[in-house]
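J.:
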Amino acid sequence: MLLGSAAAGMVSLVPSAIGQVTGVLDTLPPSAPVRRMALTAREIDHRLLGADKPATRNFCAYDGEPFKIVRAPRGTRLAVDFENQMPHPTTVHWHGIRVPNLSDGVAPLTQDVIQPGGRFSYNVPLPDAGFYFFHPHCDETGQVGRGLFALLVVDDPAEEKIKFDAECFIVVKDWRLNDDAQWLDMSTDEGAATAGTFGTVRATNGSIVAPRVEVPAYGDVRVRTIVADATRVIDLGTDNEDAVILAIDGQALPPVLLDNLPDQIWRMGPAMRMDMQVRMPGPG
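The sequence shown begins at 3 in our numbering and counts up by one.
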């Protein structure tokens with residue numbers, strides 16, 4: 003995508019993994035504040051099926067933290083020093099963020115894969131507020147399937163006047179696990195021939211137990227939902243009549259009352275995100 007006026011003059015060709023590609027179309031000025039961030043990808047043991055089940059080996063996580071959440075204000079530039087501590091090559095793709103091409107993390111198009119023990123510096127401008135995420139763009143089925151993704155919230159200082167009483171995250175991600183909580187093959191011939199290979203265990207926020215969150219009675223809660231699954235489609239709705247959609251895939255919308263939609267639900271597919279404001283009922 004080419005930006006108008008002065009930005010068009012910034013187009014240049016630079017070497018990449020596939021030869022000469024469009025270089026820097028930066029979406030922030032050089033004077034933008036910079037936040038330096040170290041980021042690692044590594045494997046850990048993590049209990050996905052509960053405390054009474056064995057830990058799942060080779061769970062993938064950024065900084066060893068399942069479902070890590072990164073926040074930064076709009077207009078910030080993230081200077082990310084990434085290290086691959088996994089035994090497999092990887093990259094980082096900043097899903098929905100308007101980054102320079104060479105920081106898009108799409109191997110082999112914009113960069114070579116980052117080998118085990120390797121490092122890469124990502125330039126990640128954040129010109130747009132919203133709810134995003136980041137994940138590898140190589141062996142996505144295997145690495146994202148084993149948990150390698152993180153949430154990215156770009157806060158808009160202009161929204162500080164909108165006071166929410168609480169904020170909740172809903173992460174929909176299924177797991178392909180056997181009864182001993184170890185990984186099954188991430189893809190099957192049957193799945194490849196149809197709608198994909200579905201998980202064997204449904205989970206929300208990494209748990210097979212539905213999460214419970216305490217929020218103030220009559221409070222306004224911002225609910226951020228992501229389908230971080232390659233196959234799952236959900237119909238998101240509430241029992242509350244006062245629920246309003248604020249944004250889809252990081253893009254703000256004029257408020258949409260959920261009850262005004264067909265069947266009072268919003269259908270979400272893989273990689274989709276939604277921000278919703280829900281007014282809580284009374285105590286109980």
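The beta-carbon is built from N, C-alpha and C at its ideal position, and this holds for glycine as well. All values derive from a computational prediction rather than experimental measurement.
Please report the distance separating the alpha-carbon of Gly132 from that of Val156.
T.: Each residue's Cα considered, the two are about 5 Å apart.
J.: Grouping DSSP H, G and I as helix and E and B as strand, with all else coil, what is Asp187?
T.: Residue state, collapsed to three classes: coil.
J.: Mapping DSSP to helix, strand and coil, what is Leu263?
T.: Note: Leu263 maps to coil in three-state DSSP.
J.: Can you list, in chain order, the stretches of the beta strand (DSSP E) that have 3 or more residues and sit fully within the stretch 35 to 96?
T.: You should have 36 to 48, 58 to 64, 71 to 75, 79 to 86.
J.: Just verifying my parser: in three-state terms, what is the DSSP assignment at Leu153?
T.: Strand at Leu153.
J.: Cβ of Val223 less than 7 Å from any chain D Cβ?
T.: Of the chains in the structure shown, none is chain D; there is only one protein chain.
J.: Could you say if the stretch 40 to 54 and the stretch 64 to 84 meet the contact criterion of at least three C-beta pairs nearer than 8 Å?
T.: The stretch 40 to 54 is in contact with the stretch 64 to 84.
J.: Considering just the uninterrupted stretch of the beta strand (DSSP E) at Gln279, what are its terminal residues?
T.: From DSSP, the beta strand (DSSP E) with Gln279 extends over 275 to 281.
J.: If contacts are defined as beta-carbon pairs under 8 Å, then Cys76 and Ala34 qualify, I think. What distance do you get, rounded to the angstrom?
T.: Before going on, a small fix: residue 76 reads as Arg here, not Cys. No, Arg76 and Ala34 are not in contact; Cβ-Cβ is about 10 Å, not under 8 Å.
J.: Per DSSP, Gly107 forms a beta bridge with which residues?
T.: Looking at the DSSP assignment, Gly107 forms no beta bridge with any residue, so it has no partner.
J.: Report the option in Phe166, Gly147, Met88, Pro218 whose CA atom is closest to the CA atom of Trp185.
T.: Looking at the Cα atoms, Gly147 is the closest of the given residues.
J.: Excluding the five sequence neighbours on either side, which residues of its own chain have a C-beta within less than 6 Å of the C-beta of Ile99, listed in chain order?
T.: Result list for Ile99: Tyr134, in chain order.
J.: Measure the alpha-carbon distance for Glu243 versus Val223 and round it to whole angstroms.
T.: Answer to the nearest angstrom: the Cα atoms are 14 Å apart.
J.: The beta strand (DSSP E) that contains Thr227, what's its start and end?
T.: 222 to 229 is the extent of the beta strand (DSSP E) around Thr227.
J.: Quick check: what's the CA-CA separation for Asp114 versus Glu142?
T.: Approximately 15 Å, taken between the alpha carbons.
J.: Please report the straight-line C-alpha distance between Trp96 and Val246, rounded to a whole angstrom.
T.: Their Cα atoms are separated by approximately 27 Å.
J.: Give the secondary structure of Gly271 by DSSP, where H, G and I count as helix, E and B as strand, and everything else as coil.
T.: Looking at Gly271 - three-state DSSP - the assignment turns out to be coil, as it is neither helix nor strand.
J.: Taking only the alpha-carbon atoms, compute the straight-line gap between Leu260 and Gly239 and give it to the nearest angstrom.
T.: About 7 Å.
J.: Apply the 10 Å Cβ neighbour rule to Pro102 and answer buried if 16 or more other Cβ atoms are within range, or exposed otherwise.
T.: Buried.
J.: Using the C-alpha atoms, what's the distance from Leu30 back to Ala10?
T.: A caution first: Ala10 carries a pLDDT of 34, below 50, which makes its placement in the model unreliable, though a value can still be read off. The alpha-carbon atoms of Ala10 and Leu30 are separated by roughly 14 Å.
J.: Measuring CB to CB, does Ile71 end up less than 7 Å from Thr92?
T.: Not closer than 7 Å, so no.
J.: Since Met270 contacts Val235 with CB under 8 Å, what's their CB separation in whole angstroms?
T.: The pair is a contact, with the Cβ atoms about 7 Å apart (cut-off 8 Å).
J.: Please give the ranges of any alpha helix (DSSP H) in the stretch 128 to 152, keeping only runs that are unbroken, at least 4 residues long and fully inside the region.
T.: Counting whole runs of 4 or more residues, the stretch 128 to 152 contains the alpha helix (DSSP H) stretches 142 to 145.
J.: Around the Cβ of Leu154, are there at least 16 other Cβ atoms within 10 angstroms (buried) or fewer (exposed)?
T.: Buried is the call here.
J.: If we ignore side chains and look at the alpha-carbon of each, how far apart do Gly284 and Arg49 end up?
T.: The straight-line gap from Cα to Cα measures roughly 35 Å.
J.: Can you find the residues in the same chain that come closer than 8 Å, C-beta to C-beta, to Leu51, ignoring five residues on each side of it along the sequence?
T.: Excluding sequence neighbours, Leu51 sits near Thr58, Leu179, Ala183, Val203, Ile210.
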